[in-house]
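J.: Below you will find the structure I want to go over with you.
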Amino acid sequence: MSDLFATFFPDKKSLSDFHMIFIASQDICSLILAWDDFDLTTHDKSPLYYVQIHRKVLGIFRLACENVLKTMRKGKETLLTLLEAFVYDPLIDWTVGGEVLAGSTFGNIPSVNNIKQSRKDLEKEVTISMFNVRCTEMKIEWNGNKNDILKEIAVILDKLQRWLETDLLISEQEDALQDLHQQMALVKEAEAHGTNKHPLYTLPARFDAYRNARDALRSAECDLRRLAADCETHLLTYGDCTSALDGQEPLNWLTELRAAFAEDSSGAIDVFDLVKEFLHNAGKDDVVTRCEESETEVSQLTQHHHASIQKCLQLLQEYKTLTSQCPKSYPDTHRACAYLKWTNYMLEHESAVACDLVYENFHKFLEALNQSKHAASFAVALDALFKETVTQINKLYEDLSGASDVQTLDKLYAAAASGISTFLGCEKNADSAIKFVIASELLVLNRNFLTLETAAHRSGEWLITLTTRDGDWFLDDLVLNSSRAVELINNLPLPCTEDHMLFYQIFNCVRISNNIYKGLQELYFNFHTIILPESMKKLQSEDLSLLQIMSELNKLLLSVGISVPDMIVQMVKILPCLLMQMEISPSFDFVLERVAKLKTGFLSLINGQTETLTSGRMLLMGFNGLFEKLTMEWNNLTNSLSSINLPNSWKKIDQVKDAKHISPHICNPKIHSLLEDIFLLKRLQAMSDFFNLSHEMCQSFTATTSVAYNDDQLLKPIRQFIADFISRQLLGITTEHIAYTVCYLLQNLGFDVVEEIEQKDIGAEHKVPLDDLYHKAGSIFLKQSLFSQNALSQASTLESNRKHAWVKIQETKKLQQKITLLQSTQLRLHTQITVLNFMYEENLAPFNVCNPVRSKFIIDLKSEFSTLKLLDEKLRQAADKQQTLIEKAHQRLNWAKGANPEVAEISTAFENTVKIKDNQLKTLEKISARISHICGVILRHELWRSHSLESKTLDKSFLSTFEKWRLACQYNSIKNDALTPTEESIMGLLTKELAEDPEWLDKISEKITTLITKAQNKLIDEKTNLFAINDSITPKMETLKDLYGVHCRLMGEVKNLVKSMTKIENYASNTHQFVMEYKEYMDRFALVFQKFKEYRRDSVNKTVDLLTYINAHTDKIYADLLALEGAKKRMGLVRQDGMCLESEVDGKGPQKQDSATATTREQQRNAYAMGVWRRVKLKLEGKDPDPGRKYSAQEQVDYVIREATSLDNLALLYEGWTPWV
């Protein structure tokens, strides 16, 4: 072959000699050999000289290729596994260049690309790829080891449980045998002393008293257990009934009823309508009459029954809604719960002392039911708040009735706006007049607005109490003024063009600041109407999820080691230092660290550690969302303020200077960041304070204290936050930009504001009055005839009309909003009063502060329950009568079928109708029975809670059972004191006949001897059984130890790789978690073999605990290790498209790799390398070039040779073997 090569290539200075490739094929071993010492970076498309060789040896080459392909197909699984590791080999660089070509170099020889991956990146990828390879290699053995371990552990646990049971039997048998030996010793001692010379001889005389005491105790115990069983059964049944009401069952009942009676509603005929004519023709008019009467009766009873079911369901739903808002501890105060607890306690402690303790608790329980002063005072306070709220609502409704409705005012506003539109379209220079009038309105508005903001600024810490002349909170006036400014600016006839870009930038600041004011109002409104009532409802019902959130929030605030108010004070002190660029104390860094810790902890609290969202976390997220919206708008405002470029002279305007005097420096990045932290702390403090206040108030439902907060107290944390937010971050910004808007309007109308300010004598205060500029501009505009006095007056009148309509609309909306807020309070207080009255009705009855809720419910439910039962019975009787008539009619139809074929059709239709009616009655009966059961259980439950005959009967039953048990315990304790334990055991062997036998002691001795023999035999059997279990456990433990060794060997193959993966960012979290769980798992596994060294009960119990843990966690440990392999999958396998040079498309040579390509070289390399792997896989599966069909080896070789001899592809051979794959 070398001679042949030399013949065809005499001149080595040809075009392609810079990169000589020697091809030789060997048919025997199916190898293709090549040597290649250089990387070629110059490419051409011309045919190479060695194509002649290729064609002359084509037969051998083709056969060699086919043999190679067939051989590789046989071992494709092994080849693909090795190739995957080969792809990630650190000695091979697969970096893709800008020409979408791959260079392949070995032994760290540089490739075609100049950019190399760092060693750290290579180590990461090698770790991941090797881990994946190891997992793939050992997956079958790994899972097999898991199954073997689980199988062995299950067998060992079963044997250990049998060992424990057998050991317990042995222990009990040994104790019994020891007791029998003591009895025998006492009998022998008595025999040795002689007849009637030992106390044992008095046992027959004391037998009757002993038997009476024992029988009394057993009888009392039986009664006590029966009472406990009744209470427990009732409580379990009551729980099932309330759970049914909680779920979808009531809805399913109604749906089932509607479906069953759907045909009646669609006009279905009655049962006997089909046979009336037949019976009439048969001369059975009396039967027809009875059928009609029966049908009418059943129909009416069915309707009444259906209505009764509806009423019962409504009562039950109201009951469930009410009880769901009671504290979770409230059911524990029921008689049945108390009696069940006390009876179990007495059964557990068979003593008179336990009985005395229960009797004391019983008296306390009755006193608590009859006396609850805190509930009365709480109810009185809630009732006073409720009545005050109702009075305020009535007054507001009176005010609202005197105002026009919103629809009328909207029409009035629309008419005013239409008048202005007409004026702008008809009057010359009307737009200038409107602009000037709006400027005047803005000027007056801004003056008042600034006065209000100045008052708010001067209020300082008392801003929370600042109110308007009407008694409203100051926020309402700020929102009204801000909204009015936006309304006026919106009405300006200015087109949105680049000429007015400055105006719209200014307007954007006014609009965003107005959004913030509205956001604060929405925060207050949504908190009042949503967060407050929902939190109260959950806290008074002792919702565990919200209580846990509260606890975690309070712990978070305490965990930083410094109180939130102190941190806020220290951070506020830093603001002036940042503004004046003064040196800041190092202690400030400590505060910032605490704030950062709070931020992280709060984010973790909001996001949660579980995928399931609890109701408490959802409430916290909704609460926090109200604040987040404000933060977003505030950041938008900061960005807008920073982007405005205003004339410096405008800042000399008096209103601008006054506004700047009170406005915060939020555009300073450091101050902005600090304010964000401050108000995050204020947010957390507001949340914590509100939850604590609400919790304290809701504890009055169960605690011995009474705390009733009004709305002002409950809303104080949120009001404080809003007041601080306005004073620290918002004051002055709106008024400053309204003044800029007036300046812009005057400038736009032709008045040179900048020039006038520069010429103006600004005086000592360095202020230019905006009023003076406005009046001067007005005089100039009139002189220049920019608009006439008449047009100005007309524009002023039209704008005044629109303002009047707008103000009236806002007043009406304000009244409606106040009513909504108070109605929310009214509903919350009414619910709380109802729940309190339901819980403490007997205690509150003497105070006449509430309506009797529970008594009314009991009366209504008892009435409907009785009605339902009565209707059940009547309907059943009516259905039985109707069934008799149906059978008679059916019998006559069967007789007439033979003579008249038409009767058969009537008979079939009659049977179908009867089936429908039967189905309706069965459905009604089934649902009625279920509802009757629930009504009966709930009625019994509430009657037992109330002062009723049923509750008194239950109390008497408990007291009689208690007294019987107490006497039996006292009598039994006296008799037991007279007997030693051994004598008592012998007494248990005595019978009445034996006690009268003179030779009773000898017979007792014989009986004890027999018992000892049986006990010894049983003990020997059990010990033999225990030894057999021991022998079976030992080899199983050895097998488990061997499996443990296999596990350690398999884990040792990836242990170092897992350790390295803990340092890889994308894998660190999952791997750390796995490592911690695996360490605990292996510690338990190792302890199994350490603890189980000898068969002792404590060692076996410890081993059982360890094996139970291992059995429960084995599946997870084994699965988690394999899951690490797929935790962060590599990029998807991409078909390699780089079959030719990109430079060939545009006619240019290879381009230098740009920076963007350099930053993503890792992704390119992975995509290219895995693309090669995928193409190899497709070839070995016979699915290349078309994945849609399967090719033979010959077809694939033909395709490759055809591609290799193509002029477009031939030059790719210079770049190595990968492009051909």
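Numbering (the working numbering), first residue to last: 11 to 1231. A virtual CB, placed ideally from N, CA and C, is assigned to each residue, including glycine.
1) Can you find the residues in the same chain that come closer than 8 Å, C-beta to C-beta, to Val1114, ignoring five residues on each side of it along the sequence?
2) DSSP puts Val778 in a beta bridge; with which residues?
3) How big is the Cα-Cα spacing for Phe600 and Glu562?
4) Nearest to Thr844 by CA position, among Val863, Ser650, Arg812 and Ser798, is which residue?
5) When the Cα atoms are used, what is the spatial distance from Ser523 to Phe700?
6) Count the C-beta pairs between the segment 952–967 and the segment 344–356 that are closer than 8 Å, then say yes if the count reaches three, no if not.
7) Please list, in chain order, all residues of the same chain as Ser450 whose beta carbon is under 8 Å from its beta carbon, the five residues on each side excluded.
8) Measure the CB-CB distance between Ser737 and Leu473 and report whether it falls below 8 Å.
9) Helix, strand or coil for Thr1081? Go by DSSP, reduced to three states.
10) Could you check what DSSP says for Thr137 in three-state terms: helix, strand or coil?
11) Measuring CA to CA, which of Ala440, Glu259 and Cys241 is closest to Asn354?
12) Mapping DSSP to helix, strand and coil, what is Thr507?
13) Jot down the residue ranges of each uninterrupted beta strand (DSSP E) in the segment 135–173, minimum 3 residues, whole runs only, in chain order.
14) Can you name, in chain order, every residue of its own chain whose Cβ lies under 7 Å from the Cβ of Thr1081, other than the five neighbours on each side?
15) Please tell me whether Leu325 and Leu881 are closer than 8 Å, where the distance is taken between their beta carbons.
16) Taking the C-alpha atoms as reference points, what is the distance between Met560 and Leu629?
17) Among the residues of its own chain, which have a CB less than 8 Å from the CB of Leu684, if the five just before and after it don't count?
18) Closest to Asn634 by C-alpha separation, out of Ala1096, Val363 and Phe689, would be which residue?
19) Determine the extent of the alpha helix (DSSP H) in which Ile819 is found, giving its start and end residues.
20) I'd like the list of long-range same chain contacts for Ile941, defined as Cβ closer than 8 Å, with 5 residues on each side in sequence excluded.
21) Check whether the segment 1024–1031 and the segment 184–199 are in contact - that is, three or more C-beta pairs closer than 8 Å.
22) Could you give the DSSP three-state label for Thr477: helix, strand or coil?
23) Below 8 Å on the Cβ atoms is my guess for His1057 versus Ile159; work out the distance and round it to an integer in Å.
24) For the putative contact between Tyr248 and His951, defined by C-beta atoms under 8 Å, what is the C-beta separation to the nearest angstrom?
25) Less than 8 Å between the C-beta atoms of Phe848 and Leu376, yes or no?
26) Which residue marks the beginning of the alpha helix (DSSP H) containing Lys607, and which one marks its end?
27) From the DSSP secondary-structure annotation, give me the bridge partner or partners of Trp644.
28) Is the segment 253–269 touching the segment 356–366 in the sense that three or more CB pairs, one from each, lie closer than 8 Å?
29) Measuring only the C-alpha atoms, how far is Gly85 from Thr91?
30) Using the rule of at least 16 other Cβ atoms within 10 Å of the residue's Cβ for burial, across every protein chain shown, is Val817 buried or exposed?
31) Assuming contact is defined by CB atoms lying nearer than 8 Å, are Ala718 and Ala978 in contact in what I supplied?
32) Which same chain residues, not among the five before or five after Glu1127, have their C-beta less than 7 Å away from its C-beta?
33) Taking only heavy atoms of the ligand HEM into account, decide whether any of them is closer than 7 Å to the Cβ of Lys1187.
34) What's the C-alpha gap between Thr841 and Glu851?
35) Is it true that the CB of Leu434 sits closer than 8 Å to the CB of Ala425?
36) Hey, Asp177 and Leu1036: beta-carbon distance below 8 Å or not?
T.: Reading from the atomic positions:
1) Position 1104 of the sequence shown, counted from the start, is the residue given in the question as residue 1114. Cβ neighbours of Val1114 beyond the five flanking positions: Leu167, Leu170, Gln171 and Leu174.
2) As a working mapping, residue 778 is identified with position 768 in the sequence shown. Beta-bridge pairing links Val778 to Ile663.
3) Mapped onto the sequence shown, residue 600 falls at position 590. Mapped onto the sequence shown, residue 562 falls at position 552. Rounded to the nearest angstrom, the two C-alpha atoms are 23 Å apart.
4) Position 834 of the sequence shown, counted from the start, is the residue given in the question as residue 844. Taking each of Val863, Ser650, Arg812 and Ser798 in turn and checking the Cα distance to Thr844, the smallest one comes out for Val863.
5) The sequence position of residue 523 within the sequence shown is 513, counting from 1. The sequence position of residue 700 within the sequence shown is 690, counting from 1. If I take the Cα positions, the gap works out to 27 Å.
6) Taking a cut-off of 8 Å on C-beta distances, the segment 952–967 touches the segment 344–356, as three or more cross pairs fall below it.
7) By 1-based counting over the sequence shown, the position of residue 450 is 440. Around Ser450: Tyr784 and Ser806.
8) Position 727 of the sequence shown, counting from 1, holds the residue named residue 737. Position 463 of the sequence shown, counting from 1, holds the residue named residue 473. Yes.
9) Within the sequence shown, the letter at position 1071 stands for residue 1081. Here Thr1081 sits in helix by DSSP.
10) Counting from 1 along the sequence shown, the entry for residue 137 is found at position 127. Looking at Thr137 - three-state DSSP - the assignment turns out to be helix.
11) Residue mapping note: residue 354 aligns to position 344 of the sequence shown, counting from 1. Asn354 has its Cα closest to that of Cys241, out of Ala440, Glu259 and Cys241.
12) Within the sequence shown, numbered from 1, the residue matching residue 507 stands at position 497. In the three-state DSSP reduction, Thr507 falls in the coil class, being neither helix nor strand.
13) As far as the segment 135–173 is concerned, it has no whole beta strand (DSSP E) run of at least 3 residues.
14) Position 1071 of the sequence shown, counting from 1, holds the residue named residue 1081. For Thr1081, where only same-chain residues beyond five positions count, the Cβ hits under 7 Å are Val1068, Met1071, Thr1072 and Leu1134.
15) Position 315 of the sequence shown, counted from the start, is the residue given in the question as residue 325. Position 871 of the sequence shown, counted from the start, is the residue given in the question as residue 881. Not closer than 8 Å, so no.
16) Mapped onto the sequence shown, residue 560 falls at position 550. Mapped onto the sequence shown, residue 629 falls at position 619. Between Met560 and Leu629, the C-alpha separation is close to 11 Å.
17) Translated into positions along the sequence shown, residue 684 becomes position 674. Closer than 8 Å at Cβ, skipping near neighbours: Met581, Ile584, Leu585 and Leu588.
18) For this step, residue 634 is matched to residue 624 along the sequence shown. Of Ala1096, Val363 and Phe689, the residue nearest in Cα terms is Phe689.
19) Your numbering for residue 819 matches position 809 in the sequence shown. Per DSSP, the unbroken alpha helix (DSSP H) holding Ile819 starts and ends at Gln799 to Met849.
20) Your numbering for residue 941 matches position 931 in the sequence shown. Residues of the same chain with a CB within less than 8 Å of the CB of Ile941, apart from the 5 flanking positions on each side, are Trp263, Ile319, Cys322, Leu323, Leu326 and Leu878 in chain order.
21) yes
22) Taking the first residue of the sequence shown as position 1, residue 477 is located at position 467. The answer is strand: DSSP assigns Thr477 an E or B state.
23) Here residue 1057 corresponds to residue number 1047 of the sequence shown, with the count starting at 1. Here residue 159 corresponds to residue number 149 of the sequence shown, with the count starting at 1. Correct: roughly 7 Å between the Cβ atoms.
24) In the sequence shown, counting from the first residue as 1, residue 248 sits at position 238. In the sequence shown, counting from the first residue as 1, residue 951 sits at position 941. Confirmed, about 5 Å.
25) Here residue 848 refers to the residue found at position 838 of the sequence shown. Here residue 376 refers to the residue found at position 366 of the sequence shown. No, the Cβ-Cβ distance between Phe848 and Leu376 is not below 8 Å.
26) Stepping through the sequence shown from its first residue, residue 607 is reached at position 597. Run containing Lys607: Ser597 to Asn617, per the alpha helix (DSSP H) assignment.
27) Taking the first residue of the sequence shown as position 1, residue 644 is located at position 634. Paired residues: none, contrary to the question.
28) no
29) Position 75 of the sequence shown holds residue 85. Position 81 of the sequence shown holds residue 91. One C-alpha to the other measures close to 10 Å.
30) Residue 817 sits at position 807 when you count from the first residue of the sequence shown. Flag for Val817 reads exposed.
31) Within the sequence shown, the letter at position 708 stands for residue 718. Within the sequence shown, the letter at position 968 stands for residue 978. Not closer than 8 Å, so no.
32) As a position in the sequence shown, residue 1127 is number 1117, starting the count at 1. For the sequence presented, residue 1127 should be read as Ile rather than Glu. For Ile1127, where only same-chain residues beyond five positions count, the Cβ hits under 7 Å are Glu1087, Tyr1088 and Tyr1091.
33) The model on display carries no ligand, and the ligand HEM is accordingly not part of it.
34) As a position in the sequence shown, residue 841 is number 831, starting the count at 1. As a position in the sequence shown, residue 851 is number 841, starting the count at 1. Each residue's alpha carbon lies about 15 Å from the other.
35) As a position in the sequence shown, residue 425 is number 415, starting the count at 1. As a position in the sequence shown, residue 434 is number 424, starting the count at 1. Against a cut-off of 8 Å, the Cβ pair of Leu434 and Ala425 comes out as no contact.
36) Position 167 of the sequence shown holds residue 177. Position 1026 of the sequence shown holds residue 1036. Closer than 8 Å, so yes.
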